[in-house]
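Notes for the one structure printed next.
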Amino acid sequence: MTTPAHPLAAPPAPDGIHYRACNLCEAICGLKITVQGGRVTDVRGDPDDPLSRGHICPKGTALPDLHADPDRLKTPMRRVGDTWEPMEWDAALDHVAAQLRAVREQHGADAVATFQGNPSVHNSGTLLSAGAFLKALGSRSRYTATSIDQLPHHFAGAEMFGHPLMLPIPDVDRTDFFLMMGANPLASNGSIMTAPGIRDRLKAIRARGGRVVLLDPRRTESAEYATDFHHIRPGTDALFLLALLNEVFASGLERTAHLGGVMTGLDSLKAAAAPFTPEAVEARTGVSAGVTRELARAFAAAPRAAAYGRIGLSIQEFGGLCQWLVNALNAVTGHLDTEGGAMFPSPAFDLLAGAKAGATHHGRHHTRVRGLPEFDGELPNVALAEEILTPGEGQIRALITVAGNPVLSVPDGAALDRALGSLDFMVSIDPYLNETTRHAHVILPPAFGLEVPHYDVIFHHFAVRNTARYSQPVFPIRPDQRFDSQIFDGLVQRLTGKALATPEQRLSAGLTHGRSGLTLDDLKANPHGVDLGPLQPCLPGRLLTATGELHLAPAPMLADLPRLRATLDQTPEPLVLIGRRQLRSNNSWMHNTPRLMRGPDRCTVQLNPADAQGLEHGQTVLIRSRVGEITAPLEITDSVMPGVACLPHGFGHARGGTRLSTAAQHAGASLNDLTDPTRIDALTGNAAVNGTPITVHAAEQVGESAAD
1 MTTPAHPLAA PPAPDGIHYR ACNLCEAICG LKITVQGGRV TDVRGDPDDP
51 LSRGHICPKG TALPDLHADP DRLKTPMRRV GDTWEPMEWD AALDHVAAQL
101 RAVREQHGAD AVATFQGNPS VHNSGTLLSA GAFLKALGSR SRYTATSIDQ
151 LPHHFAGAEM FGHPLMLPIP DVDRTDFFLM MGANPLASNG SIMTAPGIRD
201 RLKAIRARGG RVVLLDPRRT ESAEYATDFH HIRPGTDALF LLALLNEVFA
251 SGLERTAHLG GVMTGLDSLK AAAAPFTPEA VEARTGVSAG VTRELARAFA
301 AAPRAAAYGR IGLSIQEFGG LCQWLVNALN AVTGHLDTEG GAMFPSPAFD
351 LLAGAKAGAT HHGRHHTRVR GLPEFDGELP NVALAEEILT PGEGQIRALI
401 TVAGNPVLSV PDGAALDRAL GSLDFMVSID PYLNETTRHA HVILPPAFGL
451 EVPHYDVIFH HFAVRNTARY SQPVFPIRPD QRFDSQIFDG LVQRLTGKAL
501 ATPEQRLSAG LTHGRSGLTL DDLKANPHGV DLGPLQPCLP GRLLTATGEL
551 HLAPAPMLAD LPRLRATLDQ TPEPLVLIGR RQLRSNNSWM HNTPRLMRGP
601 DRCTVQLNPA DAQGLEHGQT VLIRSRVGEI TAPLEITDSV MPGVACLPHG
651 FGHARGGTRL STAAQHAGAS LNDLTDPTRI DALTGNAAVN GTPITVHAAE
701 QVGESAAD
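So for the sequence shown, UniProt numbering puts the first residue at 1; every next one is plus one.
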């Protein structure tokens, strides 16, 4: 059996102008790329892209660097002791399939686990091919990056609207009151809100006399473009949202007429919010009752308003409640499925087109050790290390990682680092030898970036405007390279004897059956993309609940409220840790690009002056949690509120055995050597990496104390 052969000689990239979407983050900005002499000489934003309108961020300019990165792997590698040897593709795929089959036959299908990282959804080749590979494995031991930072969104979407991808997106281009919580779109360009050029979009809200309100434990880059900013204590956002709802109901400001015929649970929601008055929660949240009342009334009274909560709300112990309450606030104030409110995109390639109403999306099976529930076929990644290390039936013996670096991205990464070394077999489909893939027995590196055709299957579902764009490759791949879809196809053929449809065939079929009327040929003929217009009301027709109704008060959320209410009587931890998003980074894998790593050290721990007494700006401090300790330079700033420390995510490149020359020069420390896998959102299973209790000390003082 052989993999599809590539032409013996790959022609150079044709000189001239190439247009494509950047697939490094959720913003999917259109790019105008100039190639001269077979290499990229200029990258700038495409002014004719109907979504990004010429916007570009530093990551987009670095795409050529990723393409030319000398550390990239392009052919299969096999670990032999402490060294790596190249393999031919057919031999590598034969070996991997044989090893996976052997583990499955000896220990059962669930002994073979998979972990898919965030870049999987930024590559349509992976997204449209990996599912068939997972099916061929037949394992329920599936893990992804979803339960690190966004599972609560999908849980709320499934419970309220009937599907995990039914996520309301702020209609920022038409709103006059934008309420943001735990979000920093100036650094992310929007997250679960594909909004390239968000700076101009926020400025436009203010220019038309609107308000941009931001609540966050840290005064972020986005606060510069807000009309109102308020600090809020980590992990208390659900209390604040219930207080907003309490005030809306107490003042008789709810507006439900436009969805009144399809919304259920209004009385239950009112009863749930009743105990959480602004006065009852202000001591815990740090937001005064007066501010809460004013915001609730102004938001409810605004003709066009949208509430949006992102990563800060999701990665805490009450993430599921937070995302439910954001949706509920929009719904009961008349700001759901209305112009300028929170709306549902209508993508040309619609993953909901074949979805069945009333499907069950969670709790169908559980992890072996802690009994944590499955959601949408995935298990919480906080359980991965213990499922590898704990003996017994169903113990994970083999692992496939796809475009992921969980050693740096999941809680207590040091424990997972140790666990990976105990596996019988591990294979990584990844172009880098990083902190995770160094444990693999075989690495299968796919082509990526400027080499691959691409359509943003996922992010058009989250976009603030309906558009569609297909990107042709800028560079052909070498004869000894393979696309990710070819890798998955080669493995599926060896495991099942069946060949996969190509990503282009699947994309073409999906477009043909979509409501836009577009074909793949149409998109190829429009390299800047096609504008399908602003978001439009779509309820109740798009609801996928069993009853066809919107559920304002789902039973799992109501059952979780006593856990939240108990926190009102708890004493807050003296100092807790939160993460930090950075514009020039995308989790861990963008740290090997020299132009993105220029400038001062970005892996600093930020402390408020009140928490930094006896410490000096710039000195090295020791940060300890229940599970580990790290050192980092101290940055003293009043941008973080008292009681909060802030450290960026994705660093920690000092581990040996990697091949990341630039990242190693900017190693930093891993936030996830401190985060605790026992801290989760009990409702959804998402990791609660924000709010980790820590202590901070001068590193030299700790050393002197230990010596004494």
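Heads up, the beta-carbon is just placed ideally off N, CA and C, and yes, glycines get one too. This structure is a prediction, so every number in the text was calculated from the model and none was measured.
Buried or exposed for residue i, going by 16 or more other Cβ atoms inside 10 Å?
i, result
"A553", "buried"
"R598", "exposed"
"A21", "buried"
"K32", "buried"
"E635", "buried"
"G38", "exposed"
"I396", "buried"
"I17", "exposed"
"V287", "buried"
"P76", "buried"
"Q486", "buried"
"E159", "buried"
"S705", "Any reading at S705 needs caution, since the residue's pLDDT is 43, under 50, leaving its predicted position unreliable; the model's value is listed next. Classification for S705: exposed."
"A5", "Note that A5 has pLDDT 40, beneath the 50 cutoff, so the model's placement of it is unreliable and the number below is only indicative. Classification for A5: exposed."
"S251", "exposed"
"Q665", "exposed"
"K135", "exposed"
"Q36", "exposed"
"Y19", "buried"
"G290", "exposed"
"A9", "In this predicted model, A9 has a pLDDT of only 45, less than 50, meaning its place in the structure is not dependable; the value taken from the coordinates is given anyway. So A9 ends up on the exposed side."
"K524", "exposed"
"S129", "buried"
Going by C-alpha to C-alpha distance, which of the options sits closest to residue i?
i, options, result
"A204", "A187, F178, D228, A419", "F178"
"G394", "G421, A113, P677", "A113"
"I429", "D484, D376, P406", "D484"
"L51", "N608, G533, T571", "G533"
"G117", "G650, P391, V281", "G650"
"Q323", "P677, T338, T684, P64", "T684"
"P594", "L66, A359, D216, H153", "L66"
"D173", "A463, Q665, D560", "A463"
"R233", "S120, A698, G643", "G643"
"R199", "A357, D521, A298, A27", "A27"
"F344", "R465, E294, L313, L423", "R465"
"G377", "P164, A156, Q570", "P164"
"G354", "T401, G514, V382", "G514"
"D638", "G657, P609, L647", "P609"
"A403", "Y432, F375, D424, T390", "Y432"
"L537", "S422, E374, P562, A342", "As written in the sequence, residue 537 is Pro, which differs from the Leu given in the question. For P537, the nearest C-alpha among the options comes from A342."
"A688", "T292, D350, E317", "E317"
"G309", "L137, H528, A183, A645", "A183"
"G81", "R364, D149, R438, L214", "R438"
Consider the Cβ of residue i: report whether some Cβ of chain C lies at a distance smaller than 7 Å.
i, result
"T83", "Among the protein chains of the structure shown there is no chain C, as only one such chain exists."
Give the DSSP bridge partners of residue i, in chain order.
i, result
"Q116", "T144, V402"
"G309", "M181"
"V96", "Bridge partners of V96: none, in fact."
"P86", "M77"
"A238", "In the DSSP output, where bridge partners are listed per residue, A238 has none listed."
"D228", "V213"
"I630", "I623"
With hydrogens ignored, establish whether the beta-carbon of residue i is closer than 6 Å to any heavy atom of the ligand GDP.
i, result
"L550", "The ligand GDP is not part of the structure shown, which contains no ligands of any sort."
- Task: For the segment 155-203, list the alpha helix (DSSP H) runs that are entirely contained and at least 4 residues long, ordered along the chain.
- Result: The segment 155-203 contains these whole alpha helix (DSSP H) runs: 185-188.
- Spell out a yes or no on whether the segment 256-268 and the segment 214-230 are touching, meaning 3 or more CB-CB pairs, one atom from each, closer than 8 Å. Between the segment 256-268 and the segment 214-230 there are fewer than three inter-stretch CB-CB distances shorter than 8 Å, so the stretches are not counted as touching.
- Assess, as a yes-or-no matter, whether the segment 616-630 is touched by the segment 580-595 under the definition of 3 or more beta carbon pairs within less than 8 Å. No, because fewer than three Cβ pairs between the segment 580-595 and the segment 616-630 fall closer than 8 Å, the two stretches do not touch.
- Check whether the segment 656-669 touches the segment 64-83, counting contact only when three or more Cβ pairs, one atom from each stretch, lie closer than 8 Å. A contact between stretches requires three or more CB pairs, one per stretch, nearer than 8 Å, and the segment 656-669 meets this requirement with the segment 64-83.
- Is the segment 410-426 close to the segment 676-693, with three or more CB pairs under 8 Å? Yes: at least three Cβ pairs fall under 8 Å.
- Inside the segment 639-666 only - alpha helix (DSSP H) runs reaching at least 4 residues: The segment 639-666 contains these whole alpha helix (DSSP H) runs: 661-665.
- Query: In the UniProt domain "4Fe-4S Mo/W bis-MGD-type" (15-71), which residue ranges form an unbroken alpha helix (DSSP H) of at least 4 residues, counting only runs that do not cross its ends?
  - Reply: For the UniProt domain "4Fe-4S Mo/W bis-MGD-type" (15-71), whole alpha helix (DSSP H) runs of length 4 or above, ordered along the chain, are 58-61, 63-68.
- Length at least 3, wholly inside the segment 359-406: the beta strand (DSSP E) runs in chain order: Residue ranges of uninterrupted beta strand (DSSP E) with 3 or more members, entirely inside the segment 359-406 and ordered along the chain, are 362-366, 373-375, 398-402.
- Please specify which runs of the alpha helix (DSSP H), each continuous and at least 4 residues long, are wholly inside the segment 448-477, giving them in chain order. Runs of the alpha helix (DSSP H) lying entirely within the segment 448-477, each at least 4 residues long, are absent.
- Message: Within 8 Å, do at least three Cβ pairs link the segment 471-478 to the segment 89-105?
- Response: They do not touch, by the three-pair rule.
- Start-end ranges of the beta strand (DSSP E) lying completely within the segment 507-584, minimum 3 residues: With a minimum length of 3 residues, the continuous beta strand (DSSP E) runs that stay inside the segment 507-584 are 530-534, 576-580.
- Message: Does the structure place the segment 493-502 close enough to the segment 95-107 that three or more beta carbon pairs sit under 8 Å?
- Response: Contact between the segment 95-107 and the segment 493-502 is present, because at least three Cβ pairs lie under 8 Å.
- Would you list, in sequence order, the uninterrupted beta strand (DSSP E) runs of no fewer than 3 residues that lie entirely inside the segment 322-357? Segments of the beta strand (DSSP E) lying fully in the segment 322-357: there are none.
- Message: Between the segment 673-683 and the segment 252-261, can you find at least three pairs of beta-carbon atoms closer than 8 Å?
- Response: Using a C-beta cut-off of 8 Å, the segment 252-261 makes no contact with the segment 673-683, since fewer than three inter-stretch Cβ pairs fall below that distance.
- Message: Tell me whether the segment 357-365 and the segment 541-559 touch, counting them as touching only if at least three CB pairs, one residue from each stretch, are closer than 8 Å.
- Response: Contact holds: three or more Cβ-Cβ distances are below 8 Å.
- Query: Can at least three beta-carbon pairs, one atom from the segment 41-58 and one from the segment 188-202, be found at a separation below 8 Å?
  - Reply: Contact holds: three or more Cβ-Cβ distances are below 8 Å.
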